[in-house]
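Protein chains: 2
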Amino acid sequence: MSNETGPVLALSGGVGGAKLALGLYRILPPDTLTIVANTGDDFEHLGLSISPDLDTLLYTLSGNDNLELGWGRRGETWTFMAALEALGGETWFRLGDGDLATHIERTRRRKAGESLSAISHDFRRRLGIAARLLPMSDDPVRTRLHTAPTPPSPASGGGLGGGAGGWLDFQDYFVRLRCEPVIDRLEFAGAADVRPHREFLAALADPQLRAIVICPSNPFISIDPILAVPGVRAALRACNAPVIAVSPIIGGKAVKGPTAKMMAELGLPVDAAAVAHHYRDFLDLYIADEEDAAAVAGLDMPVVLTRTLMQSLADREALARAVLAAAERVRK
Amino acid sequence: MSNETGPVLALSGGVGGAKLALGLYRILPPDTLTIVANTGDDFEHLGLSISPDLDTLLYTLSGNDNLELGWGRRGETWTFMAALEALGGETWFRLGDGDLATHIERTRRRKAGESLSAISHDFRRRLGIAARLLPMSDDPVRTRLHTAPTPPSPASGGGLGGGAGGWLDFQDYFVRLRCEPVIDRLEFAGAADVRPHREFLAALADPQLRAIVICPSNPFISIDPILAVPGVRAALRACNAPVIAVSPIIGGKAVKGPTAKMMAELGLPVDAAAVAHHYRDFLDLYIADEEDAAAVAGLDMPVVLTRTLMQSLADREALARAVLAAAERVRK
Numbered sequence: 001m002s003n004e005t006g007p008v009l010a011l012s013g014g015v016g017g018a019k020l021a022l023g024l025y026r027i028l029p030p031d032t033l034t035i036v037a038n039t040g041d042d043f044e045h046l047g048l049s050i051s052p053d054l055d056t057l058l059y060t061l062s063g064n065d066n067l068e069l070g071w072g073r074r075g076e077t078w079t080f081m082a083a084l085e086a087l088g089g090e091t092w093f094r095l096g097d098g099d100l101a102t103h104i105e106r107t108r109r110r111k112a113g114e115s116l117s118a119i120s121h122d123f124r125r126r127l128g129i130a131a132r133l134l135p136m137s138d139d140p141v142r143t144r145l146h147t148a149p150t151p152p153s154p155a156s157g158g159g160l161g162g163g164a165g166g167w168l169d170f171q172d173y174f175v176r177l178r179c180e181p182v183i184d185r186l187e188f189a190g191a192a193d194v195r196p197h198r199e200f201l202a203a204l205a206d207p208q209l210r211a212i213v214i215c216p217s218n219p220f221i222s223i224d225p226i227l228a229v230p231g232v233r234a235a236l237r238a239c240n241a242p243v244i245a246v247s248p249i250i251g252g253k254a255v256k257g258p259t260a261k262m263m264a265e266l267g268l269p270v271d272a273a274a275v276a277h278h279y280r281d282f283l284d285l286y287i288a289d290e291e292d293a294a295a296v297a298g299l300d301m302p303v304v305l306t307r308t309l310m311q312s313l314a315d316r317e318a319l320a321r322a323v324l325a326a327a328e329r330v331r332k
Numbered sequence: 001m002s003n004e005t006g007p008v009l010a011l012s013g014g015v016g017g018a019k020l021a022l023g024l025y026r027i028l029p030p031d032t033l034t035i036v037a038n039t040g041d042d043f044e045h046l047g048l049s050i051s052p053d054l055d056t057l058l059y060t061l062s063g064n065d066n067l068e069l070g071w072g073r074r075g076e077t078w079t080f081m082a083a084l085e086a087l088g089g090e091t092w093f094r095l096g097d098g099d100l101a102t103h104i105e106r107t108r109r110r111k112a113g114e115s116l117s118a119i120s121h122d123f124r125r126r127l128g129i130a131a132r133l134l135p136m137s138d139d140p141v142r143t144r145l146h147t148a149p150t151p152p153s154p155a156s157g158g159g160l161g162g163g164a165g166g167w168l169d170f171q172d173y174f175v176r177l178r179c180e181p182v183i184d185r186l187e188f189a190g191a192a193d194v195r196p197h198r199e200f201l202a203a204l205a206d207p208q209l210r211a212i213v214i215c216p217s218n219p220f221i222s223i224d225p226i227l228a229v230p231g232v233r234a235a236l237r238a239c240n241a242p243v244i245a246v247s248p249i250i251g252g253k254a255v256k257g258p259t260a261k262m263m264a265e266l267g268l269p270v271d272a273a274a275v276a277h278h279y280r281d282f283l284d285l286y287i288a289d290e291e292d293a294a295a296v297a298g299l300d301m302p303v304v305l306t307r308t309l310m311q312s313l314a315d316r317e318a319l320a321r322a323v324l325a326a327a328e329r330v331r332k
């Protein structure tokens, strides 16, 4: 049985994961929630150090997320991008004017020698976020995707249409190429050599821990990079607190993003059960959508069915409550 | 007598100089105007390479200058500054969202090995400016100001109020301290070691040159850095074309900025004649405002009196026409 007043550790990627992180943040006592963010999609662009998942969490937890766009900052303006385009600059990665402040200030402080976590700590404090927000590591990990080899085709005429496949940097794949290339594997470059953030390790080892929540993020590009950090997977297996994942698949589809497309390309069934299988070596309980009852019926682990689509703030809180209630049911 | 169809070379600092540069640009045939910008107030801020005078000229000549503010870009937004302030960043130097594009793209290209002049050339071309726009040099010169020593005062209690004086970086003085410190001298750090831009030297030596125009910029912080570049002052003295300066002083006052305050602090009379004296070793003709007829009556060089205040676009063109007409009067 988990500790009903203990701290909660959540692992999250970008937008989808941040919705549940916000739900947890709103229903838990201040300062009992630690959120560890994927940094595998961090990159350098226009000379700036950009940490998209950390930023999505920063903006979401501080109430500064852009609900209309579904990403970025509330009240964002785009004067910079228009001016950059006029100067012939690279505009495939959309940087809002307010968002730029995060990147410019982070880059300045990184160059002055501060760690990514120290900067994140200061940013979240200044934005009034009481939860701890940590990068999985202060050392760089870079997610790369391998495009599948394709047979030569008379129609393609070379180029991306056919060839031996090759490695793409994450943002090239995700933003510039809009997840269009077919991939056959991923790697987390540098992961073998990094250390998990010490507060992340300490949270995993905390005997008071109430639950570890794998947010409904893309398993391959949001959660796997965190799991690739040495020691994390073993700590999840060894952990006394229940490890609970929330399915990012609803009704056999991804709510947003390339999760379903990637599952198909990686040869997995495109269903909620496949995500639970993906986490099977450490998962204690799986939360799937009511729509996916049939898909998860055969799973050999505890499953809770609930409504998992988070449209309103109330949805986020309700799902967070369901996650914590489920944690009480798990005996380890 | 100058060559009535030859090229014109203008030396300019920021806002005031750019007004006359725009007037010249509008009345001269495309591609006969070369404008050399002061780069002594260039600096690094938030990790960005900022060239304020080049940018003022870029924005002004492309019709993108902000007429309401009197500096910066037209249609500017300030989302970045508000977000930076929320993150605890340095906000004493106001960077507009569109302006940031210039700095970020320039910084990226500088780091990739391009020269300041090559980037300026591309920027002005992309913004549709037919005139040549050159930095005085591709090598860095940094204007610094020495604060005057002040006697100890019981009221000041140390700090800026009294002491031995010291050197201030230009933007610290100009923006952060709003030109408030009393100064007793300036230096142009690095100037002795730089080379003038080769197109600047070529323009100075061009036998077809119609005129060299010293725009009504601050002599000490906008024009003197250009004159401090080795070879420039000698080339101005040796030049066959008439060298004409337009007074930045109107009615005994500066239109904008610290020109008059600096003249007083440097022990000069605060009048239009003092600026002509400042340029006396190479100046062939001085253009002063009608209001300053008495002040310039004793000058031992040709003087043209006209209306020099540039409020409207027509004012800028009229002053430019007066400058070129005056050039025809000078025999060398």
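Read top to bottom, the protein sequences are chains A and B.
Just so we're aligned, residue 1 is where the first sequence starts under my numbering, counting upward by one.
Just so we're aligned, residue 1 is where the second sequence starts under my numbering, counting upward by one.
Idealized CB from N, CA, C, for every residue including glycine.
Fair warning: this is a prediction, and the values are worked out from it, not measured in the lab.
- For D184 of chain B, the uninterrupted beta strand (DSSP E) segment begins and ends at I183 to A189.
- Measuring C-alpha to C-alpha distances from L46 of chain B to each of B:T56, B:G88, B:V36 and B:G17 identifies B:G88 as the nearest.
- For a cut-off of 8 angstroms, the C-beta gap from I223 of chain B to V246 of chain B is around 11 angstroms, too long to register as a contact.
- Shown here, D169 of chain A sits in a strand according to DSSP, grouped into three states.
- For the 8 angstroms CB-CB criterion, T39 of chain A and P135 of chain A form a contact.
- Annotated three-state conformation of V8 of chain A is strand, per DSSP.
- Across the segment 120-152 of chain B, CB contacts with chain A closer than 8 angstroms involve D122, F123, R126 and L127, in sequence order along the chain.
- In this model, G252 of chain A and P216 of chain A are separated by some 14 angstroms (Cα to Cα).
- Close partners of D97 of chain B in chain A (Cβ separation under 7 angstroms): T77, T79, F80 and D97.
- Going by beta carbons, V175 of chain A and F93 of chain A fall inside the 8 angstroms limit.
- At a cut-off of 8 angstroms between beta-carbon atoms, G89 of chain B makes contact with chain A.
- In the DSSP assignment, the residues bridged to I244 of chain B are B:V213 and B:L285.
- Taking CB atoms only, R26 of chain A has no neighbour in chain B less than 8 angstroms away.
- From the listed residues A:R142, A:V15, A:H103 and A:P140, the smallest Cα separation to F123 of chain A is found for A:H103.
- Following the DSSP letters along the chain, one finds A276 of chain A in no beta strand (DSSP E) but inside the alpha helix (DSSP H) bounded by residues A272 to H278.
- In this model, I35 of chain A and P52 of chain B are separated by some 42 angstroms (Cα to Cα).
- Bridge partners of P135 of chain A according to DSSP: A:A37.
- For A83 of chain A, the residues of chain B that pass the 8 angstroms Cβ criterion are R73, D97, G98, D99, L100, A101 and T102, in the order they occur in the chain.
- Out of A:R132, A:L127, A:L168 and A:A288, the CA that lies nearest to the CA of L145 of chain A is found in A:L168.
- DSSP, read as helix, strand or coil, puts S49 of chain B in strand.
- Within chain A, no residue has its CB atom less than 8 angstroms from the CB of L299 of chain B, the nearest being about 44 angstroms off.
- Under the Cβ criterion of 8 angstroms, A86 of chain B is counted among the residues facing chain A.
- Between L209 of chain B and N3 of chain B, the C-beta gap is smaller than 8 angstroms, which places the two residues in contact.
- Considering only beta carbons, the part of the segment 33-60 of chain A lying closer than 8 angstroms to chain B consists of L46, G47 and L48, in chain order.
- Taking one beta carbon from each stretch, the segment 259-268 of chain A and the segment 279-298 of chain A have fewer than 3 pairs nearer than 8 angstroms; the two do not touch.
- Between A288 of chain A and T107 of chain B, the alpha-carbon positions lie close to 48 angstroms from each other.
- Taking a Cβ-Cβ threshold of 7 angstroms, the residues of chain B close to R108 of chain A are L46 and G47, in chain order.
- Annotation for E290 of chain B: L305, T306 and R307 place their beta carbon closer than 7 angstroms to its own, counting only its chain and skipping 5 residues before and after.
- About 25 angstroms separates the beta carbon of L227 of chain B from that of I129 of chain B, a gap too long to meet the 8 angstroms contact definition.
- Burial is judged here by how many other beta carbons sit within 10 angstroms of a residue's own beta carbon; A112 of chain B has fewer than 16 and is exposed.
- If you draw a straight line from the Cα of T32 of chain A to the Cα of S117 of chain A, it comes to about 18 angstroms.
- At a cut-off of 8 angstroms, the C-beta of E105 of chain A has a neighbouring C-beta in chain B.
- DSSP places L145 of chain A in the uninterrupted beta strand (DSSP E) bounded by R142 to T147.
- The C-alpha of P248 of chain B is placed about 14 angstroms away from the C-alpha of R316 of chain B.
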